[in-house]
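Letter by letter, the sequence shown follows residues 0 to 414 in numbering that gives the first Met the number 0.
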Amino acid sequence: MVSGASHRGLFDEAAGERRRVVITGVGAISAAGGGASDFWSAISEGRVCTSALSTFDAPRAAAVGQVDEAWAGPSGAPDWLLARMNRASQLALDAAIQAQTDARIEFNQQNAFAVGAVTGIGHPAAGDGWAALGSGLSGASVGLNIAGPVFTVSMGGASGLASIVLASQLIRSGVMRAALAIGAEAPLQPEIWHAYESAGLLDPTDDHRGQRPFDAQRQGMILGEGAAALMLEDRQLATQRGVHIYAEIAGEALTSGPMGDGQAPTDVEVARRATGDALLGGEIAPADVDVIVTAGLGSPRGDERETDVIERAFGRRTLDMYATAVTPNIGYTVGASGAFGAVAAAQIADKRQIPPHATFEQEDIACRLGFVPKLYEDRIVGTATAAYGAHGQNAALILMPHQAEAGDELPLLAT
């Protein structure tokens with residue numbers, strides 16, 4: 000960071016001001032393709048991108064969400080660095096590079112200590128040998144020129160969204176001025192797939208029409224791999240840089256409760272508290288939220304509980320809210336799922352469009368939410384999303400469209 004009392008650079012913090020956090024870059028790699036634009040195209044078109052499992056020999060022709068087999072790893076990363084990273088970490092680095100590029104931000108020796116990275120991975124130990132210890136962006140100081148806090152969180156299916164919550168809170172508290180928040184997962188490995196299969200969590204039908212959350216005929220998850228990343232910045236920094244802002248993070252929260260039966264969310268009231276705290280922290284009324292990007296896990300009891308969580312958090316407003324999910328398009332990406340939901344929420348807030356719930360056909364009276372059958376445009380105020388872990392972890396995020404304000408165009412002055 001630039002030092003000295005005579006100069007105030009873009010990355011030098013403004014003391015005494017309440018820090019606001021905005022999203023300036025997004026990245027995604029999934030079964031939908033190798034970029035955030037591919038991801039948006041898939042969800043906005045209602046396209047199912049799952050296919051037959053091909054990464055190992057399974058006892059049945061299971062549907063999964065696979066990254067294109069032609070993908071050779073994040074571009075520009077040295078071979079020695081990739082050798083120290085497992086597949087989930089490589090996916091994370093790819094998405095992080097995309098988000099950084101999208102935000103048009105460079106990290107160098109003047110600002111590297113003001114930037115951090117938080118990665119959420121649900122199964123951080125998956126992989127062979129030393130590569131498993133490289134989970135997250137432990138090599139970010141080399142791969143991305145980041146010298147601030149870099150760490151990994153593991154909260155099951157809530158991991159990716161938890162990384163965004165924690166990164167946002169670190170910026171609000173002044174620890175960092177900017178941060179990459181990433182969710183990543185590579186669960187298409189025999190030990191992980193068989194664990195989900197033996198637990199009865201996977202759709203047993205080999206139905207390649209996609210995961211079917213909230214549908215009366217839902218029977219379980221379709222596992223998917225991938226990573227999603229967001230570039231978060233102090234709003235003052237972003238406006239002074241003059242970059243595109245997707246949305247402002249109005250509120251965020253984490254809670255944890257009992258494991259229960261393993262079908263997340265495991266405790267409705269504890270999960271509701273996460274969304275309630277996010278609304279309260281951002282001073283957002285339920286009436287100001289128009290869209291909910293659901294976790295959409297596709298489990299019979301889990302989807303009923305998620306509906307209950309939403310109804311308790313938003314009350315009568317639930318009847319007028321739009322609802323969607325990305326799991327029908329790319330599968331359930333475990334620790335990455337909440338980050339994919341957040342990328343979708345940012346794109347929804349930015350584009351003022353609500354993507355369809357791709358595989359919804361038959362209503363379940365216990366899961367009555369406002370699903371849209373096709374891409375829909377409307378005046379959107381706020382967008383909410385939440386993610387849940389099978390061991391009781393919960394994360395929630397509230398986004399608001401970014402609005403230009405008086406003074407945004409003024410440069411930071413030397414002091």
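From the three backbone atoms N, C-alpha and C, an ideal C-beta is built for every residue, glycine too. This structure is a prediction, so every number in the text was calculated from the model and none was measured.
- Secondary structure of ILE28 (DSSP, three-state): strand.
- Under the three-state reduction of DSSP, TYR195 is assigned to helix.
- In this structure, GLN392 sits near SER255, with a CB-CB distance shorter than 7 Å.
- Boundaries of the beta strand (DSSP E) around THR384: 382 to 387.
- Closest in C-alpha terms to THR323, from the list VAL269, LEU278, GLN346, comes GLN346.
- Considered as a whole, the stretch 218 to 286 harbours 225 to 233, 246 to 255 as its complete beta strand (DSSP E) runs of no fewer than 3 residues, in chain order.
- The three-state secondary structure of SER74, taken from DSSP, is coil.
- ASP206 is not a Cβ neighbour of GLY219, given a cutoff of 7 Å.
- The residue among ALA227, GLN89, ILE221, ILE248 with its C-alpha nearest the C-alpha of ARG234 is ILE248.
- Cβ atoms of ALA312 and VAL325 stay farther apart than 8 Å, at about 20 Å.
- The C-alpha of SER162 is placed about 18 Å away from the C-alpha of PRO264.
- The beta carbons of GLY159 and ALA348 sit about 18 Å from each other, so the pair does not count as a contact at 8 Å.
- Of the residues GLY223, ASP93, GLY261, PHE213, the one whose Cα lies closest to the Cα of ALA180 is ASP93.
- DSSP places GLY182 inside the beta strand (DSSP E), whose first and last residues are 177 to 184.
- Relative to ALA113, the option among SER298, SER172, ALA51 whose CA is nearest is SER172.
- Inter-segment contact for the stretch 332 to 341 and the stretch 267 to 280 is absent: fewer than three beta-carbon pairs are separated by less than 8 Å.
- According to DSSP, residue pairing for ASN393 in a beta bridge involves THR254, TYR387.
- Three or more beta-carbon pairs separated by less than 8 Å are not found between the stretch 187 to 204 and the stretch 146 to 155, which leaves the two stretches without contact.
- Spanning the alpha carbons of GLY72 and VAL66 requires a straight line of approximately 11 Å.
- Restricting attention to LEU368, ALA403, GLY259, GLN239, the CA atom closest to the CA of ILE104 is found in GLN239.
- Just measuring C-alpha positions, the residue of THR100, HIS122, SER43, GLY24 sitting nearest PRO354 is SER43.
- THR317 counts as buried, since no fewer than 16 other beta carbons sit within 10 angstroms of its beta carbon.
- Distance between ALA365 and VAL242, taken at the CA atoms: about 43 Å.
- Around the beta-carbon of PRO123, 16 or more other beta-carbon atoms lie within 10 Å, marking it buried.
- DSSP, reduced to helix, strand and coil, places VAL325 outside both helices and strands of the structure shown, so it counts as coil.
- When THR49, GLN361, ALA383, TYR195 are compared, the shortest CA-CA separation from GLN216 is found for GLN361.
- One alpha carbon belongs to GLN352, the other to THR382, and they sit about 11 Å apart.
- Cβ-Cβ separation between LEU80 and ARG176: approximately 25 Å, too far for a contact (criterion under 8 Å).
- Boundaries for PHE213: no alpha helix (DSSP H) harbours it, and the DSSP string shows neither H nor E there.
- Taking C-alpha positions only, ALA273 is separated from TYR375 by approximately 28 Å.
- ILE379 and GLY155 have their C-alpha atoms spaced approximately 30 Å apart.
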